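Numbering (the UniProt record's numbering), first residue to last: 1 to 654. Working notes for the structure below.
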């Protein structure tokens, strides 16, 4: 059959037969196109499975899909949907052995608004580790804007059989029989989702089966999570080679085990509007690593599993009752619109379902620890930081909520407990953390702390930071003392959150004293208070490429927009509810100074708070005296913009 002239048609083919084109339908509420399963079955009555670009598509048929009807397959422009009948198998596509995609329903922050997400599980054989052919990942243009792609690449028959892999596991599922895994990769990517509890069960099953993961960035959405905590704990404890741990979370609604859905939904909204938000993206082209791939998953959730809850604290082993001869590695998960990155080492592993030998916590050391926007257990966090101090390159704990970061006067301890028992005069940077040839934190390149540090921790950092070539430094009112010791003029990026202008004098001296010789390229200002006499001078003195202005209020925001040097500026993000047409008039007057690729990115905390200035439909193709032209403006959620900021700060993966 000749292709139709209309653009939105999905092509189907059974075996070697002709292509058959089927017009897709639009879900206007969710903003995407799809092929109803009922329409497909008219053309292919025996259809049982579908595949596109090597990815097996599972249509929506779950009883808990929030009323999606008819069952559907999302539109994949430019792809041919292969159809298989009952009992037929698709030929394997080298180097990808098998890929499976399943859609999932997600809840948005507004109860009357739903979003559709899509998860993809990909299985790839061991030969692919050394293959020069990159795995074919669904292009972003093929994926709904709010989507998540979960990609896991061990050999499918060695994990579980058939559809059991995707079935919900229940509160305490038995792990599979002893697993013999080939060298395997895991890839996961996506954007901005609340995934369902069933999807978390699937994720836990994947983690259990892939003990060689050394790169894990995980955000989870776990409502009524007691059973899920047990599942994830058992799964994550098998990770023996973890080096990169990124945890993303949005609020602490369920910390301590709260399970009231209505209460949690309200708390989520309040936290969201309070600028407790984030998501991190990883481009598919950036997730490949030597000896493996990365796995990235984006969720939009509201529960931190890395909490004061004693069960979850067991993820880090401090409260696990283990046999002395059995060593344990643990990590945890948190929540947000975020990423899950997993990368597995290229070696085989044999494990029994209920009797696994797992790596020693004492031997486990992380090169990167990132935990954003969520609850934190100071004891367990301090333990893993101290254990990893000689290896750690990235230590980022930004955006933690006041509700717990200041509770009970808690402080993060970076030195050993032994050093704390000494008198203040005897206290030295402890030898259990500092080694002669490799002192603690001597490899640190990214430091972002919004937690209060103990006095010994400050003393330790005071001996390290003056010698350290940091790339990024992030501080807030609890960690502002770091400005007195860090080499500020050598930074490439700095983030200032909820600090007074008075406390920034060291920064003013370092930056204004060096002017254009200063190396800072990126600045983020969030909720700065005070007279703000000198802040505009910072953005004038430095030729920034990225500037982020968050919740500054109209007076300071206006002054910053007038002062910023636009000569090299490539990214300008304004996330402030006091931004309006009057404020934008400043930018329209400077439009002639914009670089060709500069687009002003405007953020909003909630769709209910969107103002006329955030409506692209209110703009024309050319500027007016108060409005920038449409092509010079992008509007997105605070969540998305923060994620992109964090992604720009974190070190790129080879």
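The beta carbon of each residue, even a glycine, is placed where N, CA and C say it ideally should be. These figures come from a predicted structure and were not determined experimentally.
Should residue i and residue j be called a contact, given that it needs their Cβ atoms to be closer than 8 Å?
i: residue 557; j: residue 578; result: yes
i: residue 19; j: residue 80; result: yes
i: residue 487; j: residue 461; result: no
i: residue 52; j: residue 76; result: yes
i: residue 245; j: residue 369; result: yes
i: residue 588; j: residue 562; result: no
i: residue 539; j: residue 580; result: no
i: residue 86; j: residue 38; result: no
i: residue 552; j: residue 525; result: yes
i: residue 591; j: residue 614; result: no
i: residue 649; j: residue 600; result: no
i: residue 442; j: residue 478; result: no
i: residue 584; j: residue 545; result: no
Residue i to residue j, Cα distance in whole Å?
i: residue 8; j: residue 602; result: 31 Å
i: residue 635; j: residue 519; result: 29 Å
i: residue 397; j: residue 620; result: 41 Å
i: residue 382; j: residue 542; result: 36 Å
i: residue 459; j: residue 73; result: 58 Å
i: residue 358; j: residue 214; result: Any reading at residue 358 needs caution, since the residue's pLDDT is 26, under 50, leaving its predicted position unreliable; the model's value is listed next. One C-alpha to the other measures close to 13 Å.
i: residue 457; j: residue 10; result: 60 Å
i: residue 83; j: residue 26; result: 22 Å
i: residue 474; j: residue 387; result: 22 Å
i: residue 638; j: residue 575; result: 7 Å
i: residue 414; j: residue 514; result: 32 Å
i: residue 385; j: residue 568; result: 37 Å
i: residue 16; j: residue 391; result: 55 Å
i: residue 49; j: residue 616; result: 41 Å
i: residue 372; j: residue 516; result: 32 Å
i: residue 506; j: residue 466; result: 13 Å
i: residue 480; j: residue 644; result: 24 Å
i: residue 626; j: residue 501; result: 30 Å
i: residue 28; j: residue 36; result: 14 Å
i: residue 78; j: residue 547; result: 37 Å
i: residue 647; j: residue 604; result: 19 Å
i: residue 612; j: residue 23; result: 35 Å
i: residue 663; j: residue 509; result: Residue 663 falls outside the range modelled here, since the chain spans only 1 to 654, and no answer is possible.
i: residue 365; j: residue 241; result: 9 Å
i: residue 652; j: residue 41; result: 45 Å
i: residue 533; j: residue 468; result: 30 Å
i: residue 71; j: residue 490; result: 56 Å
i: residue 379; j: residue 243; result: 20 Å
i: residue 582; j: residue 455; result: 46 Å
i: residue 559; j: residue 34; result: 47 Å
i: residue 257; j: residue 472; result: Residue placement at residue 257 is flagged as unreliable, the pLDDT there being 23, under the threshold of 50; a coordinate-derived value is accordingly withheld.
i: residue 410; j: residue 453; result: 9 Å
i: residue 642; j: residue 21; result: 41 Å
i: residue 610; j: residue 512; result: 37 Å
i: residue 660; j: residue 640; result: The requested residue 660 does not occur in the structure, where the chain is confined to residues 1 to 654.
i: residue 32; j: residue 482; result: 47 Å
i: residue 554; j: residue 586; result: 12 Å
i: residue 618; j: residue 596; result: 22 Å
i: residue 89; j: residue 631; result: 47 Å
Measure the beta-carbon distance from residue i to residue j and round it to whole angstroms, keeping in mind my assumption that it falls under 8 Å.
i: residue 504; j: residue 447; result: Their Cβ separation, rounded to whole angstroms, is 17 Å, which puts residue 504 and residue 447 out of contact at 8 Å.
i: residue 393; j: residue 463; result: With 8 Å as the limit, residue 393 and residue 463 do not qualify as a contact, their Cβ atoms being about 18 Å apart.
i: residue 535; j: residue 572; result: About 16 Å separates the two Cβ atoms, so there is no contact after all.
i: residue 484; j: residue 498; result: Residue 484 to residue 498, Cβ: 18 Å. No contact.
i: residue 389; j: residue 440; result: 4 Å
i: residue 530; j: residue 550; result: In fact, because the Cβ distance is near 16 Å, the residues do not count as touching under 8 Å.
Strictly under 8 Å for the Cβ-Cβ distance: is residue i near chain B by that measure?
i: residue 489; result: Among the protein chains of the structure shown there is no chain B, as only one such chain exists.
Would the region 492-507 and the region 520-527 be scored as touching if the rule is three or more Cβ pairs under 8 Å? yes
Could you pull out every unbroken alpha helix (DSSP H) segment of at least 4 residues lying fully inside the region 502-586, listed in chain order? 505-514, 535-541 and 554-563
To test your reading of the DSSP string, which unbroken alpha helix (DSSP H) runs of 4 or more residues are found completely within the region 440-482? 455-464
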